[in-house]
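Novice: Mind looking over this structure? Questions follow.
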DNA sequence: AACCAGACTTGGAAGAATGTTC
DNA sequence: GAACATTCTTCCAAGTCTGGTT
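Numbering (UniProt numbering), first residue to last: 1 to 421.
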């Protein structure tokens with residue numbers, strides 16, 4: 001199977017760029033009628049207009065269903081959602097027809113099917129630049145801005161709650177502190193058929209370690225089985241409250257045993273209209289980025305500004321525990337870079353030595369030796385494989401010594417060029 | 001109040017496209 | 001102009017959250 005895929009890949013790679021572009025354009029033309037939808041009289045781009053193909057299910061982390069067959073979805077499995085007077089889109093597979101056509105204007109999806117692995121719902125939606133998506137995205141940030149007006153009151157409230165006699169209030173107040181302070185996700189219950197990951201409300205005793213003074217160590221698998229590992233000095237009241245909640249419980253017990261995500265959100269709604277746990281993530285990420293960007297120097301050039309922005313944005317990623325695994329070839333690439341770096345430094349030393357020598361002897365040229373990579377010897381009659389082999393040979397061959405006489409001007413030019421890099 | 005279905009957002013991986021370098 | 005690096009796009013699993021049902 002792998003061989004087959006490899007050869008397909010190679011076949012594709014062999015197509016010249018111009019032809020590949022043409023193929024791409026033809027394909028875009030062919031699918032055009034599926035990529036645009038008319039919504040309230042306006043044309044909108046459709047997001048995922050292709051049905052997910054059959055495949056082996058590949059969950060993330062230790063997923064109980066990993067490797068199960070995700071079956072092919074046929075038109076009969078699909079429900080189409082269109083305006084009551086609109087013509088039903090033609091089914092693209094001959095001999096088949098849509099499972100159902102409905103007219104639900106209370107939802108934003110265009111088509112629906114059931115996932116054969118999870119039995120969950122899968123939808124075809126409009127693209128991110130559609131009205132539906134952009135309006136709701138804007139509303140999300142507006143809600144976060146609104147939270148800014150309530151946050152002091154909410155913080156005061158949960159600090160008071162840490163000392164409450166009512167255990168539910170205590171649990172809720174400590175949990176909310178963690179969501180606010182550490183930007184944790186709310187952490188809904190998960191089923192047997194899913195990877196064992198947690199968020200705030202589903203934290204277990206085993207995920208925490210208490211260190212003095214007032215330091216809590218967090219170590220758990222969050223969304224996408226990405227590890228959250230953080231040692232934080234927390235406020236005294238929260239520390240004591242949390243420690244108390246963990247006491248007399250087994251390591252596999254829930255810390256917030258009486259708290260549910262629904263009750264937490266219900267409570268939040270009583271504090272501010274539309275407030276839910278995830279708003280705190282948006283709020284704190286946005287506020288943090290805003291604060292960090294304000295610390296920037298004003299007179300930087302565009303390049304420096306970009307570096308600065310990326311640096312501050314990375315801080316926000318750390319807050320939200322966003323992590324990307326290193327690309328597969330990262331080590332290799334770093335190795336190459338450091339080899340290149342060493343070679344450049346060596347060349348610089350040689351040039352500087354020559355410059356010094358010329359200055360001392362007052363001559364206008366000097367002998368220099370440079371170590372260069374041999375060029376591949378490519379002949380016009382070579383096959384693609386032979387060329388590749390020759391290139392590989394050249395890149396792996398030892399460096400060649402080249403001795404030459406350089407004029408003083410070219411030595412200085414070469415030095416400047418190295419510094420430019 | 002526990003449970004579940006449904007709808008929608010979030011976010012990382014992989015692949016495709018594009019840019020850069022030798 | 002190939003090879004390599006970087007950026008953009010697509011894909012889809014995995015979350016959040018609401019509202020209905022038992």
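We treat Cβ as the ideally placed atom computed from N, Cα and C, and that holds for glycine. Here the structure is a predicted model, which means the values were calculated and not measured.
#1: Does the separation of the CB atoms of residue 282 and residue 141 fall below 8 Å?
#2: I'd like to know if the segment 283 to 302 and the segment 154 to 166 are in contact, where contact means that at least 3 CB-CB pairs between them fall below 8 Å.
#3: Are there 16 or more other CB atoms within 10 angstroms of the CB of residue 413, so buried, or fewer, so exposed?
#4: Under 6 Å Cβ to Cβ from residue 256, same chain only, skipping five residues before and after it: list those, please.
#5: With 16 as the cutoff for other CB atoms within 10 Å, does residue 204 come out buried or exposed?
#6: Closer than 7 Å by C-beta to residue 71: which residues in its own chain qualify, once you throw out the five before and the five after it? Chain order, please.
#7: Using the Cβ count rule (16 or more neighbours within 10 Å means buried), how would you classify residue 317?
#8: For the beta strand (DSSP E) that residue 405 lies in, which residues bound it at each end?
#9: Give a yes or no on contact between the segment 74 to 91 and the segment 227 to 245, applying the rule of three or more CB pairs nearer than 8 Å.
#10: The beta strand (DSSP E) that contains residue 100, what's its start and end?
#11: The alpha helix (DSSP H) with residue 286 in it runs from where to where?
#12: Would you list the residues sitting across from residue 351 in a DSSP beta bridge?
#13: Ignore the nearest five residues each way along the sequence and tell me which others in residue 278's own chain have a CB closer than 8 Å to its CB.
#14: So what's residue 229 in DSSP terms, helix, strand or just coil?
#15: Should the segment 88 to 103 be regarded as contacting the segment 56 to 73, the criterion being three or more beta carbon pairs within less than 8 Å?
#16: Let me make sure I understand the geometry here. Which of 100, 106, 107 has the alpha-carbon closest to that of residue 113?
#17: For residue 122, I'd like the list of residues in its chain whose CB is within less than 6 Å of its CB, leaving aside the five on either flank, ordered along the chain.
#18: Output the boundary residues of the beta strand (DSSP E) element that contains residue 139.
#19: Measuring alpha carbon to alpha carbon, tell me which of 154, 349, 322 ends up nearest residue 228.
#20: Could you give the DSSP three-state label for residue 108: helix, strand or coil?
#21: By the 10 Å Cβ neighbour count, where 16 or more other Cβ atoms means buried, how is residue 411 classified, buried or exposed?
#22: Is residue 67 near residue 221, with beta carbons less than 8 Å apart?
#23: Between which two residues does the alpha helix (DSSP H) holding residue 170 run?
#24: Measuring alpha carbon to alpha carbon, tell me which residue in 104, 130, 88 is nearest residue 427.
#25: Would you kindly check if the distance between the Cβ of residue 109 and the Cβ of residue 48 is under 8 Å?
#26: Secondary structure at residue 12, three-state DSSP: helix, strand or coil?
#27: If you follow the beta strand (DSSP E) that residue 90 is in, where does it begin and where does it stop?
#28: Among 10, 217, 232, which one has its Cα closest to the Cα of residue 181?
#29: Hey, could you find the ends of the alpha helix (DSSP H) residue 197 is sitting in?
#30: Can you give the beta carbon distance from residue 358 to residue 408, rounded, assuming they're within the 8 Å contact cut?
#31: To test your reading of the DSSP string, which unbroken beta strand (DSSP E) runs of 3 or more residues are found completely within the segment 32 to 70?
#32: Using the DSSP secondary-structure output, state which residues sit across from residue 121 in a beta bridge.
#33: Between residue 118 and residue 326, what straight-line distance do the alpha-carbon atoms span, to the nearest angstrom?
#34: From residue 30 to residue 40, what does the alpha carbon distance come to, in whole angstroms?
#35: CA-CA distance, residue 207 and residue 218?
#36: Ordered along the chain, which non-local residues of its own chain (more than five positions away) have a Cβ less than 8 Å from that of residue 236?
Specialist: Reading from the atomic positions:
#1: Within the first chain, numbered from 1, the residue matching residue 282 stands at position 282. Within the first chain, numbered from 1, the residue matching residue 141 stands at position 141. In this structure, residue 141 lies closer than 8 Å to residue 282 by Cβ.
#2: no
#3: Position 413 of the first chain, counted from the first residue, corresponds to residue 413. Counting Cβ neighbours within 10 Å, residue 413 comes out exposed, since fewer than 16 surround it.
#4: Reading the first chain from its first residue, position 256 is the one you call residue 256. Same-chain partners within the cutoff: 171, 175, 201.
#5: Position 204 of the first chain holds residue 204. Buried.
#6: Taking the first chain and counting its residues from 1, one reaches residue 71 at position 71. Once the five neighbours on either side are set aside, the close Cβ partners of residue 71 are 54, 116.
#7: Taking the first residue of the first chain as position 1, residue 317 is located at position 317. With fewer than 16 other Cβ atoms within 10 Å, it is exposed.
#8: For this step, residue 405 is matched to residue 405 along the first chain. It spans 400 to 407 - the beta strand (DSSP E) in which residue 405 sits, taken as one unbroken run.
#9: no
#10: Residue mapping note: residue 100 aligns to position 100 of the first chain, counting from 1. Run containing residue 100: 100 to 102, per the beta strand (DSSP E) assignment.
#11: Numbered from its first residue, the first chain carries residue 286 at position 286. 277 to 294 is the extent of the alpha helix (DSSP H) around residue 286.
#12: Numbered from its first residue, the first chain carries residue 351 at position 351. For residue 351, no pairing in a beta bridge is given by DSSP.
#13: Within the first chain, residue 278 is the residue found at index 278, counting from 1. Contacts found: 185, 186.
#14: What you label residue 229 is simply residue 229 of the first chain in a count that begins at 1. Residue 229 falls in the strand class under three-state DSSP.
#15: no
#16: Position 113 of the first chain, counting from 1, holds the residue named residue 113. Of the listed residues, the one whose Cα sits closest to residue 113 is 100.
#17: The residue given as residue 122 occupies position 122 in the first chain. Counting only residues of its own chain and dropping the five nearest sequence neighbours on each side, residue 122 has a CB closer than 6 Å to the CB of 113, 115.
#18: Stepping through the first chain from its first residue, residue 139 is reached at position 139. Residue 139 -> not in any beta strand (DSSP E); alpha helix (DSSP H) instead, spanning 131 to 161.
#19: Locating residue 228 in the first chain gives position 228, where the first residue counts as 1. Of the listed residues, the one whose Cα sits closest to residue 228 is 322.
#20: By 1-based counting over the first chain, the position of residue 108 is 108. Residue 108 falls in the coil class under three-state DSSP.
#21: What you label residue 411 is simply residue 411 of the first chain in a count that begins at 1. Buried: at least 16 other Cβ atoms inside 10 Å.
#22: As a first step, residue 67 is located in the first chain; it is residue number 67 there, counting from the start. As a first step, residue 221 is located in the first chain; it is residue number 221 there, counting from the start. Going by C-beta atoms, residue 67 is not nearer than 8 Å to residue 221.
#23: Within the first chain, residue 170 is the residue found at index 170, counting from 1. Per DSSP, residue 170 belongs to the alpha helix (DSSP H) from 167 to 182.
#24: Only positions 1 to 421 of the chain appear in this structure, which leaves residue 427 out of reach.
#25: Start at 1 with the first residue of the first chain, and residue 48 comes out as number 48. Start at 1 with the first residue of the first chain, and residue 109 comes out as number 109. Against a cut-off of 8 Å, the Cβ pair of residue 109 and residue 48 comes out as no contact.
#26: Stepping through the first chain from its first residue, residue 12 is reached at position 12. Residue 12 falls in the helix class under three-state DSSP.
#27: Against the first chain, residue 90 aligns to sequence position 90. Here residue 90 belongs to no beta strand (DSSP E), and DSSP marks it neither H nor E.
#28: Within the first chain, the letter at position 181 stands for residue 181. Residue 181 has its Cα closest to that of 232, out of 10, 217, 232.
#29: Locating residue 197 in the first chain gives position 197, where the first residue counts as 1. First-last for residue 197: undefined, no H or E at that position.
#30: Residue mapping note: residue 358 aligns to position 358 of the first chain, counting from 1. Residue mapping note: residue 408 aligns to position 408 of the first chain, counting from 1. 5 Å between Cβ atoms; contact.
#31: 36 to 39, 42 to 45
#32: Stepping through the first chain from its first residue, residue 121 is reached at position 121. According to DSSP, residue 121 bridges with 114.
#33: Numbered from its first residue, the first chain carries residue 118 at position 118. Numbered from its first residue, the first chain carries residue 326 at position 326. If you take the alpha carbons of residue 118 and residue 326, they lie about 29 Å apart.
#34: Working through the first chain from its first residue, we reach residue 30 at position 30. Working through the first chain from its first residue, we reach residue 40 at position 40. Going by the C-alpha atoms only, they are around 25 Å apart.
#35: Here the question's residue 207 lines up with position 207 in the first chain. Here the question's residue 218 lines up with position 218 in the first chain. Roughly 6 Å between the two C-alpha positions.
#36: As a working note, residue 236 is residue 236 in the first chain. Excluding positions up to five away in sequence, the list reads 214.
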